[in-house]
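In what follows, a structure is listed as structure tokens, so that the remarks can point back to it.
Take a look at the structure:
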């Protein structure tokens, strides 16, 4: 183990706001978002890159923030679940999860939203198979997958060309 | 879970990265996408003193098909490869790249990182054995290309020398009349494959197998070529008897371990089934059929 570890200064944009922080190199991005930025919507589920509850977007790409160091996000745009709503209005995807009962205990929901939000940005009209493939890295331990898929299908059906 | 403390370095270019890794010595590790390394560090199965972040090095994300070679840059993420023109043209690449773990891991995990990690169950090493690929490396003493079969020497061990980094993977552009398929059997998306099979072949008129390569993942400490199985097919008319002989040869050469993913006998039976499935898809793709491949889930 090295004797002295210098902190590293990083600049990140989180949900449109700029932050500069000094972090220990081993700080995980999910801890950075929760503890340094104070946004606790991003959940720590398994902490082993399995469950997807910590899913966020880095420059538009969905990633598991428990399997990335905060220093690797230096200079990047981070989007978390808190960044989905606009002016107090839920994002259509959040609204659809609510309407279709796409959440039970809600623990997996931030990750499900960030994964399916990334899917819809890439493919506005995914079929059922594509939706299932997109949430293959997100575990809902209430097993409420059917309604999650319905919620995403409803948004896809209403999306403008 | 936190990894043990380490110093963090971010070189600006490849030359600087190699110099840094050579100077820091063997307790330093390169960090690319981190999708294999970070879980290992969190479990403290490794405690490097220094991490050299090569994830942003320029010019190492590409996929091209030129002069009879397909070449993929080491820092190409799996998901990016799966959406590339190379994946459209060579379906076995899409099978592999588009099926690794889940969408999130495919955003960050890279092909160079996957071969360097040399996990016995990982997808790229098995797939690249199927394609007889070469691993291009550069280090303090210059560049070299290593055949994938020589590159991965043991489980989690490669022929890379201290300070040496993978820059690209390349393989011969498959000739017309070729087709391939790669199938991994997994318990869930984010889980490692239990076993996997890759088949790449070239068919001549009359369903005669002109050439074939078969490689197995999760069937030993390193990806395993099924050379006898290939011999059962090469030069023959591909009827069900030929495929059954090849499946027998696959089961015979595989040495999967008993573990939480299943008994070795279960895995041998699985390999037989996956070979027949991959072989059927590869045959149809030789005739330009469009078949969406995907990993098989339990």
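Residue numbers (my numbering), protein chains in the order written: chain A, 1 to 161; chain B, 1 to 298. No residue lacks a Cβ here, since even glycine has one placed at the ideal position from N, Cα and C. Small disclaimer: the values here were computed from a predicted structure and weren't measured.
Listing by chain order, which chain A residues have their CB less than 7 Å from the CB of residue i?
i: residue 185 of chain B; result: Near residue 185 of chain B there are no residues of chain A at all, since even the closest Cβ is about 15 Å away, more than 7 Å.
So, are the CB atoms of residue i and residue j less than 8 Å apart?
i: residue 42 of chain A; j: residue 80 of chain A; result: yes
i: residue 28 of chain B; j: residue 21 of chain B; result: yes
i: residue 131 of chain A; j: residue 119 of chain A; result: yes
i: residue 62 of chain A; j: residue 107 of chain B; result: yes
i: residue 167 of chain B; j: residue 74 of chain B; result: yes
i: residue 243 of chain B; j: residue 293 of chain B; result: no
i: residue 155 of chain A; j: residue 92 of chain A; result: yes
i: residue 96 of chain A; j: residue 151 of chain A; result: yes
i: residue 68 of chain A; j: residue 39 of chain A; result: no
i: residue 105 of chain B; j: residue 93 of chain B; result: no
i: residue 283 of chain B; j: residue 238 of chain B; result: yes
i: residue 128 of chain B; j: residue 146 of chain B; result: no
i: residue 60 of chain B; j: residue 13 of chain B; result: no
i: residue 60 of chain A; j: residue 157 of chain A; result: no
i: residue 65 of chain A; j: residue 37 of chain A; result: no
i: residue 5 of chain A; j: residue 35 of chain A; result: no
Residue i CB to nearest chain A CB: under 8 Å?
i: residue 259 of chain B; result: no
i: residue 2 of chain B; result: yes
i: residue 57 of chain B; result: no
i: residue 46 of chain B; result: no
i: residue 51 of chain B; result: yes
i: residue 38 of chain B; result: yes
Can you check whether the C-beta of residue i is within less than 8 Å of a C-beta belonging to chain B?
i: residue 47 of chain A; result: yes
i: residue 141 of chain A; result: no
i: residue 78 of chain A; result: no
i: residue 9 of chain A; result: no
i: residue 126 of chain A; result: no
i: residue 72 of chain A; result: yes
i: residue 109 of chain A; result: no
i: residue 116 of chain A; result: no
i: residue 214 of chain A; result: Since the first and last residues shown for chain A are 1 and 161, residue 214 of chain A lies out of range.
i: residue 102 of chain A; result: no
i: residue 55 of chain A; result: yes
Could you tell me how far apart the beta carbons of residue i and residue j are, in whole angstroms, since I believe they sit closer than 8 Å?
i: residue 7 of chain B; j: residue 50 of chain B; result: 5 Å
i: residue 268 of chain B; j: residue 256 of chain B; result: 7 Å
i: residue 173 of chain B; j: residue 250 of chain B; result: Between residue 250 of chain B and residue 173 of chain B the Cβ distance is about 26 Å, and since that is not below 8 Å, they are no contact.
i: residue 130 of chain B; j: residue 63 of chain B; result: That belief does not hold up - the Cβ atoms of residue 130 of chain B and residue 63 of chain B are roughly 17 Å apart, past 8 Å.
i: residue 295 of chain B; j: residue 184 of chain B; result: 5 Å
i: residue 115 of chain A; j: residue 137 of chain A; result: 7 Å
i: residue 118 of chain B; j: residue 155 of chain B; result: 7 Å
i: residue 180 of chain B; j: residue 91 of chain B; result: 7 Å
i: residue 111 of chain B; j: residue 76 of chain B; result: 5 Å
i: residue 11 of chain A; j: residue 87 of chain A; result: Not quite, the Cβ-Cβ distance comes to about 26 Å (not below 8 Å), so this is no contact.
i: residue 76 of chain A; j: residue 58 of chain A; result: 5 Å
i: residue 213 of chain B; j: residue 232 of chain B; result: Going by Cβ atoms, the distance from residue 213 of chain B to residue 232 of chain B rounds to 13 Å, so no, they are not a contact pair.
i: residue 120 of chain B; j: residue 222 of chain B; result: 7 Å
i: residue 158 of chain B; j: residue 151 of chain B; result: 6 Å
i: residue 133 of chain B; j: residue 171 of chain B; result: 4 Å
i: residue 125 of chain A; j: residue 70 of chain A; result: That belief does not hold up - the Cβ atoms of residue 125 of chain A and residue 70 of chain A are roughly 35 Å apart, past 8 Å.
i: residue 209 of chain B; j: residue 177 of chain B; result: So it is not a contact: roughly 11 Å between Cβ atoms.
i: residue 270 of chain B; j: residue 195 of chain B; result: 5 Å
Please compile the residues from chain B whose C-beta is within a distance smaller than 9 Å of the C-beta of residue i.
i: residue 83 of chain A; result: The premise fails here: residue 83 of chain A is roughly 17 Å from chain B at the closest Cβ pair, so nothing lies under 9 Å.
i: residue 151 of chain A; result: In chain order: nothing, as chain B lies at least about 18 Å away.
Could you tell me which chain A residues have their CB closer than 8 Å to the CB of residue i, listed as they occur along the chain?
i: residue 107 of chain B; result: 58, 61, 62, 63
Strictly below 8 Å CB to CB, what residues from chain B border residue i?
i: residue 137 of chain A; result: 101, 102, 103, 104, 105, 189, 190
i: residue 52 of chain A; result: 102, 104, 190
Under 7 Å between beta-carbons, which chain B residues line up against residue i? List them in chain order, please.
i: residue 134 of chain A; result: 103
i: residue 67 of chain A; result: 34, 35, 38, 39
Give me the chain A residues within the contact set of residue i, using Cβ-Cβ distance strictly less than 9 Å, ordered along the chain.
i: residue 6 of chain B; result: 1, 2, 5, 25, 26
Please confirm if residue i has its CB atom under 8 Å from at least one CB of chain C.
i: residue 187 of chain B; result: Of the protein chains in this structure, namely A and B, none is chain C.
Please go through the segment 73-137 of chain A and give each complete beta strand (DSSP E) segment of 3 or more residues, from N-terminal end onward. 77-79
Note down, one range per segment and in chain order, each alpha helix (DSSP H) of at least 4 residues found wholly within the segment 209-262 of chain B. The segment 209-262 of chain B contains these whole alpha helix (DSSP H) runs: 227-233, 240-253.
Which whole runs of the beta strand (DSSP E) in the segment 27-111 of chain B are 3 residues long or more, in chain order? 28-31, 50-53, 63-66, 69-73
Can you check the segment 132-180 of chain B for any alpha helix (DSSP H) of at least 4 residues that lies completely inside it and give the ranges in chain order? Segments of the alpha helix (DSSP H) lying fully in the segment 132-180 of chain B: 148-151.
Please go through the segment 1-36 of chain A and give each complete alpha helix (DSSP H) segment of 4 or more residues, from N-terminal end onward. none
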